[in-house]
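Asker:
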Amino acid sequence: MKQQSITDVLMVGATGSIGRFAVQTAQRHGLHPRALVRDVQRAEQLLPGVELVQGDLEDPASLRRALHGADALVLTHGSGSDARPDARAHIDYGGVRNILLAFGDARPRVALMTSIYATRDDVPGASPWKRRSERLLRTSGLPYTIVRPGWFDHAGPTQRRLVLDQGVTADGGIARHQIAETLVRSLLADTALGKTFELTATEGGEQKDWSVLFGALQADAPDAVDGVRDPANLPVAAEPPALRADLQAAGSLRKTG
Ligand SMILES: NC(=O)c1ccc[n+]([C@@H]2O[C@H](COP(=O)([O-])OP(=O)(O)OC[C@H]3O[C@@H](n4cnc5c(N)ncnc54)[C@H](OP(=O)(O)O)[C@@H]3O)[C@@H](O)[C@H]2O)c1
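Under numbering that gives the first Met the number 0, think of the first position of the sequence shown as 0, with each following residue one higher.
1. Taking the alpha helix (DSSP H) that Val22 falls in, what are its first and last residues?
2. Using the Cβ count rule (16 or more neighbours within 10 Å means buried), how would you classify Gly15?
3. So, under 8 Å CB-CB, Ser132 and Val95 are touching, yes? Tell me the CB distance rounded to an integer number of Å.
4. Is it a yes or a no for the region 186-195 touching the region 168-177, going by three-plus beta-carbon pairs under 8 Å?
5. Hey, quick one: how far does the alpha helix (DSSP H) through Pro148 stretch, first residue to last?
6. Since I believe Gly12 is in contact with Gly77 (beta carbons under 8 Å), could you give me their beta-carbon distance rounded to a whole number of angstroms?
7. Between Leu212 and Val146, what straight-line distance do the alpha-carbon atoms span, to the nearest angstrom?
8. Can you tell me where the alpha helix (DSSP H) with Gln217 in it begins and where it stops?
9. Starting from Glu133, trace the alpha helix (DSSP H) in both directions and tell me its first and last residue.
10. Where does Thr257 fall in DSSP's three states?
11. Only counting the same chain, and skipping five residues up and downstream in sequence, which positions put a Cβ closer than 6 Å to that of Ser126?
12. What are the residues that DSSP puts in a beta bridge with Gln158?
13. Looking at Leu74 and Val109, is the spacing between their C-beta atoms short of 8 Å?
14. Mind checking Arg27: buried by the 16 CB within 10 Å criterion, or exposed?
15. Is it the case that the CB of Arg37 approaches a heavy atom of ligand 1 more closely than 7 Å?
16. Among all the DSSP beta bridges, which residues are the ones paired with Ile173?
17. What is the rounded straight-line gap between the Cα of Glu202 and the Cα of Ser210?
18. For the candidate residues Leu233, Asp152 and Met112, whose alpha-carbon lies nearest to that of Ser257?
19. If you run the structure through DSSP and keep just helix, strand and coil, what is Glu101?
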């Protein structure tokens, strides 16, 4: 897959603890970030000088407007502050579904942040909703990178060396700015296309060559719903009918795109 030219980047979750770093990182790399925000007044305080576009992940019409002109997206949204018991389904998963369905014929590059435990069912608080959101993105056929970060800010200042893993064994911390850098860099490297990986940090100096860093990873199989080394512990055939219908809708984007 060949990298398309990227300027205009829609930042979803831009007011969040990772999103704010991601906006700064995009600016530093000469990109033009536009922040999708629910509350413009609040966002003006958090993101001074950044172009804002009003929108809500639960309002498809607002997403269609916001997506217009975007070459790429960085998705760092999360349902952490949403008290609804099914918030993960609505925001972590439903937000990705609504965005994908709002694209129309556009084929922007997508960097999606999920979680290091996305495929785990053996840890406290494990939830399948982020993994399900990943499956929609893979199925859509859009050019993507999926970053599964470890524990935010559980990495010390000397842990500058990034560890990109594939499989279910990774665990550990990562600084917020490192997550943001990885997401934005993934938009700019051909070698990050179609890849899913866990991200932590360890003692050592930071790597300089991002193309090599991403290039060492295996790509996901072109027609697979899961990441290349994901465990087979959430069979699509056993998923609720509504979720299988969402996957089918995402797959139809691939056919028309
Ligand atoms: N904590 C960890 O160690 C860890 C590790 C791996 C992964 N994660 C995952 O990281 C994610 C959170 O990252 P974070 O700390 O940056 O989250 P955060 O600070 O809670 O930010 C969440 C962002 O999502 C936006 N959002 C929520 N609902 C929305 C909606 N309906 N429409 C538009 N935007 C919406 C929020 O916008 P508003 O400002 O309008 O609310 C905010 O910008 C979580 O999903 C979590 O599971 C966490």
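Note that beta-carbon positions come from the ideal geometry of N, C-alpha and C, so glycine has one too.
Answerer: In this structure, then:
1. Translated into the one-based positions of the sequence shown, residue 22 becomes position 23. Taken as a continuous stretch (DSSP letters only), the alpha helix (DSSP H) holding Val22 covers Gly18 to Arg27.
2. Walking along the sequence shown from the start, residue 15 turns up at place 16. Its Cβ being crowded by 16 or more others within 10 Å, Gly15 is buried.
3. Stepping through the sequence shown from its first residue, residue 132 is reached at position 133. Stepping through the sequence shown from its first residue, residue 95 is reached at position 96. Going by Cβ atoms, the distance from Ser132 to Val95 rounds to 4 Å, so yes, they are a contact pair.
4. no
5. Taking the sequence shown and counting its residues from 1, the one referred to as residue 148 is at position 149. Here Pro148 belongs to no alpha helix (DSSP H); instead the beta strand (DSSP E) covers Tyr143 to Pro148.
6. Taking the first residue of the sequence shown as position 1, residue 77 is located at position 78. Taking the first residue of the sequence shown as position 1, residue 12 is located at position 13. With 8 Å as the limit, Gly77 and Gly12 qualify as a contact, their Cβ atoms being about 6 Å apart.
7. Counting from one through the sequence shown, the residue named residue 212 turns up at place 213. Counting from one through the sequence shown, the residue named residue 146 turns up at place 147. C-alpha separation (whole angstroms): 13 Å.
8. Position 218 of the sequence shown, counted from the first residue, corresponds to residue 217. From DSSP, Gln217 is part of no alpha helix (DSSP H); its letter is neither H nor E.
9. In the sequence shown, counting from the first residue as 1, residue 133 sits at position 134. Trp128 to Ser139 is the extent of the alpha helix (DSSP H) around Glu133.
10. Given a span of 0 to 256 for the chain in the structure shown, any question on residue 257 remains unanswerable.
11. Here residue 126 refers to the residue found at position 127 when the sequence shown is read from its first residue. Contacts found: Arg87.
12. Position 159 of the sequence shown, counting from 1, holds the residue named residue 158. Note: Gln158 sits in a beta bridge opposite Gly203.
13. To locate residue 109, count along the sequence shown from 1; it is residue 110. To locate residue 74, count along the sequence shown from 1; it is residue 75. In contact: Val109 and Leu74 (Cβ atoms closer than 8 Å).
14. Translated into the one-based positions of the sequence shown, residue 27 becomes position 28. Exposed: under 16 other Cβ atoms inside 10 Å.
15. Within the sequence shown, the letter at position 38 stands for residue 37. Arg37: yes, Cβ under 7 Å from ligand 1.
16. Walking along the sequence shown from the start, residue 173 turns up at place 174. DSSP output for Ile173 lists Phe151 as bridge partner(s).
17. What you label residue 202 is simply residue 203 of the sequence shown in a count that begins at 1. What you label residue 210 is simply residue 211 of the sequence shown in a count that begins at 1. Looking at the two C-alpha atoms, the distance is approximately 21 Å.
18. Outside the displayed span of the chain (0 to 256) sits residue 257, for which this structure offers no information.
19. Here the question's residue 101 lines up with position 102 in the sequence shown. In the sequence as displayed, the identity of residue 101 is Ala instead of Glu. Three-state DSSP puts Ala101 in a helix.
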